[in-house]
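Per my numbering, residue 61 is the first one in the sequence shown, and the count goes up by one each step. All C-beta atoms, glycine included, are put in the ideal place defined by N, C-alpha and C. All values reported here derive from a predicted model rather than from experimental measurement.
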Amino acid sequence: MKILEINKYFYIKGGAEKHFFDLLDLLAGAGNEVAVFSMEHEKNFPSKWSNFFLSKVGFDEGCNIWLKIKGGFRDLYSFEAKRKINKILDEFKPEIVHIHNIYHQLSPMILFEIKKRNIPIVMTVHDYKLVNPNYNLFHQGKFYDRCLNGKYYQCFLDKCFKDSYFKSFLAMLEMYWHDFLGSYRKNIDEFIVPSEFAKNILIERGIPKRKIKVIPHFIAQNKEDSLEKNENQGEKYALFFGRIAKGKGVEDLADIFKDGEGLKLYLAGNTEDKSLVYESERIKYLGFLGKDLLKGYIKKAQFVISPSKLPETFGLVALESICEGVPFVGYNSGAYREIISHGVNGYLAKNREELRKVVDNFEQLNNFDKGKIKKEALAKYAAEDYYNKLMQVFKNLI
Numbered sequence: 061m062k063i064l065e066i067n068k069y070f071y072i073k074g075g076a077e078k079h080f081f082d083l084l085d086l087l088a089g090a091g092n093e094v095a096v097f098s099m100e101h102e103k104n105f106p107s108k109w110s111n112f113f114l115s116k117v118g119f120d121e122g123c124n125i126w127l128k129i130k131g132g133f134r135d136l137y138s139f140e141a142k143r144k145i146n147k148i149l150d151e152f153k154p155e156i157v158h159i160h161n162i163y164h165q166l167s168p169m170i171l172f173e174i175k176k177r178n179i180p181i182v183m184t185v186h187d188y189k190l191v192n193p194n195y196n197l198f199h200q201g202k203f204y205d206r207c208l209n210g211k212y213y214q215c216f217l218d219k220c221f222k223d224s225y226f227k228s229f230l231a232m233l234e235m236y237w238h239d240f241l242g243s244y245r246k247n248i249d250e251f252i253v254p255s256e257f258a259k260n261i262l263i264e265r266g267i268p269k270r271k272i273k274v275i276p277h278f279i280a281q282n283k284e285d286s287l288e289k290n291e292n293q294g295e296k297y298a299l300f301f302g303r304i305a306k307g308k309g310v311e312d313l314a315d316i317f318k319d320g321e322g323l324k325l326y327l328a329g330n331t332e333d334k335s336l337v338y339e340s341e342r343i344k345y346l347g348f349l350g351k352d353l354l355k356g357y358i359k360k361a362q363f364v365i366s367p368s369k370l371p372e373t374f375g376l377v378a379l380e381s382i383c384e385g386v387p388f389v390g391y392n393s394g395a396y397r398e399i400i401s402h403g404v405n406g407y408l409a410k411n412r413e414e415l416r417k418v419v420d421n422f423e424q425l426n427n428f429d430k431g432k433i434k435k436e437a438l439a440k441y442a443a444e445d446y447y448n449k450l451m452q453v454f455k456n457l458i
């Protein structure tokens, strides 16, 4: 099958990109012809399709004011996006288009150009941007749903987008604009979500249940991986890995691990804000780790911990942990409860004090069968199962 995969980043920025690149390997490995459409960036991986990528825009700290203004306009309307998506469609002639994150950097306007050719479009939903200007349904330390059901003006009133009236106003306008155009409603044939939690959020917003398919993410397993029990050797530590950013709760971990004796905490991941990286006798910052090196740290950890209270659409960190036979510890929020069975393959805490108790008493609580955790996780989240379900969605639309 000829599949055009689209995502705004072509480097590993977060969990969405991790899934995106694993999926590219999975599709190509099964014999499909796969092309990619993305945005130019100095961190991009090489691609033979890079000549079709859109010019760089962005809103990160490293982007100048022109790139930010350009990005704001691109999301509303972009001649460049329309021109370049048509070029790759002419060149590759896909049977189906599979999009991931496209807003801002790529522009939803590409959807109209694809639909003009009667090519089916499937979207994998990685966050809540479809239904809320606030990507993660989290504001001022708690679950935020006041913008659901089209009440986007609440975003401006509450400064729900990056705690800024100006940015929230722009985010509000963008949502009303694309609702008016029907950018997603008219053009997306099927939405894939990784959890029942995410599915229910989309249904509440008004996306038809019949157009939503739940397919949990998969784990990319190397052939040499075994199901043998992992044994921790050397220094005992808990591991946090992922993007270190505001809202991810790293400050909670700093508070829990800052004093006293016991397990050390290793932090692995990129950050654009060095003030969020806490180091002490019990806390060690490893920086960004490559795939193989990270896997080694996961395997030897006593447990993997995520202090994020965000209502995650899935929780790849939890999945990667249990697929290595390592228990996961985090907050009982979002889709985590669909992956973690309390006391069976990890612990889910209600608040910071409960999380602290799990950390402080983990050696007494640690009676997990790591071999069983890994075996069951690899069976439940097998790449082959994911592939078969995804291809069935594609075939039904072609």
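Item, Value
"Measuring only the C-alpha atoms, how far is His-402 from Ile-358?", "20 Å"
"Do the CB positions of Ile-279 and Ala-88 come within less than 8 Å of each other?", "no"
"Leu-84 to Phe-240, Cα distance in whole Å?", "33 Å"
"Would Glu-387 pass as a contact of Gly-375 if the rule is Cβ separation under 8 Å?", "In the sequence under discussion, the amino acid at residue 387 is Pro, which differs from the Glu named in the question. In this structure, Gly-375 does not lie closer than 8 Å to Pro-387 by Cβ."
"With burial defined as no fewer than 16 other Cβ atoms inside 10 Å of the residue's Cβ, what is the status of Asn-247: buried or exposed?", "buried"
"What does the Cβ neighbour count give for Ala-439, buried or exposed, with the cut at 16 atoms within 10 Å?", "exposed"
"Please check the pair Glu-100 and Leu-86, which I expect to be a contact at CB under 8 Å, by giving their CB distance rounded to whole angstroms.", "25 Å between Cβ atoms; not a contact."
"Among residues of its own chain, excluding the 5 on either side of Leu-197, which ones have a beta-carbon nearer than 7 Å to its beta-carbon?", "Tyr-188, Phe-203, Tyr-204, Asp-205, Pro-371"
"Indicate whether Ile-275 and Ile-252 have their beta-carbon atoms separated by less than 8 Å.", "yes"
"Taking DSSP's pairing of strands, which residues face Ala-95 in a bridge?", "Leu-64"
"Between the alpha carbons of Ala-258 and Cys-220, how many angstroms are there, rounded?", "20 Å"
"Look at Pro-154 and Lys-62 and say whether their C-beta atoms are less than 8 Å apart.", "yes"
"Buried or exposed: where does Glu-288 fall if 16 or more other Cβ atoms within 10 Å of its Cβ makes it buried?", "Annotation note: pLDDT 41 at Glu-288 (below 50); position unreliable, no value reported."
"Among Leu-323, Tyr-338, Leu-353, Leu-379, which residue has its Cα nearest to the Cα of Glu-423?", "Leu-323"
"Using the C-alpha atoms, what's the distance from Lys-430 back to Glu-173?", "49 Å"
"Below 8 Å between beta carbons: does that hold for Arg-265 and Val-191?", "yes"
"Can you list, in chain order, the residues of its chain whose CB lies under 6 Å from that of Ser-138, leaving out five sequence neighbours each side?", "Ser-167, Met-169"
"Quick check for students: name the residue ranges of the beta strand (DSSP E) that lie wholly in the stretch 168 to 193, counting only runs of 3 or more.", "181 to 184"
"Is Arg-177 a contact residue of the ligand ATP, with contact defined as CB to any heavy atom under 7 Å?", "In terms of ligand content, the structure shown is empty, and the ligand ATP therefore cannot be addressed."
"Give the DSSP bridge partners of Gly-331, in chain order.", "The sequence shown places Thr at residue 331, rather than the Gly named in the question. Note: Thr-331 sits in a beta bridge opposite Ile-304."
"Smallest Cα separation from Phe-301: which of Pro-254, Leu-353, Ser-107?", "Leu-353"
"Helix, strand or coil: which one does DSSP assign to Ala-298?", "strand"
"What is the residue span of the beta strand (DSSP E) that Ala-90 lies within?", "Where Ala-90 is concerned, there is no enclosing beta strand (DSSP E), given that its DSSP letter is neither H nor E."
"Around the Cβ of Glu-384, are there at least 16 other Cβ atoms within 10 angstroms (buried) or fewer (exposed)?", "buried"
"Taking only runs of the beta strand (DSSP E) that begin and end inside the stretch 388 to 437, which ones reach a length of at least 3 residues, in chain order?", "388 to 391, 406 to 409"
"Assign His-199 to one of three DSSP states: helix, strand, or coil.", "strand"
"With 16 other CB atoms within 10 Å as the buried threshold, where does Arg-143 fall?", "exposed"
"Give the straight-line distance between the Cα atoms of Gly-347 and Ala-328, rounded to the nearest whole angstrom.", "5 Å"
"Given that a residue counts as buried once 16 or more other Cβ atoms are within 10 Å of its Cβ, and exposed if not, what is Ser-381?", "buried"
"Using the DSSP secondary-structure output, state which residues sit across from Glu-444 in a beta bridge.", "Answer by DSSP bridge pairing: none, since Glu-444 is not bridged."
"If distances are taken between C-alpha atoms only, which option among Leu-127, Ile-400, Gln-200, Pro-193 comes closest to Gln-214?", "Pro-193"
"Going by the beta-carbon positions, is the gap between Lys-273 and Glu-256 smaller than 8 Å?", "no"
"List the endpoints of the continuous alpha helix (DSSP H) containing Leu-233.", "225 to 241"
"Quick one: give me the first and last residue of the alpha helix (DSSP H) that Glu-256 is part of.", "256 to 265"
"Given Gly-201, which residues of its chain have a CB within under 8 Å of its CB, disregarding the five upstream and five downstream residues?", "Lys-369"
"Check each candidate in Ile-125, Ile-399, Lys-78 and name the one with the smallest Cα separation from Ala-437.", "Ile-399"
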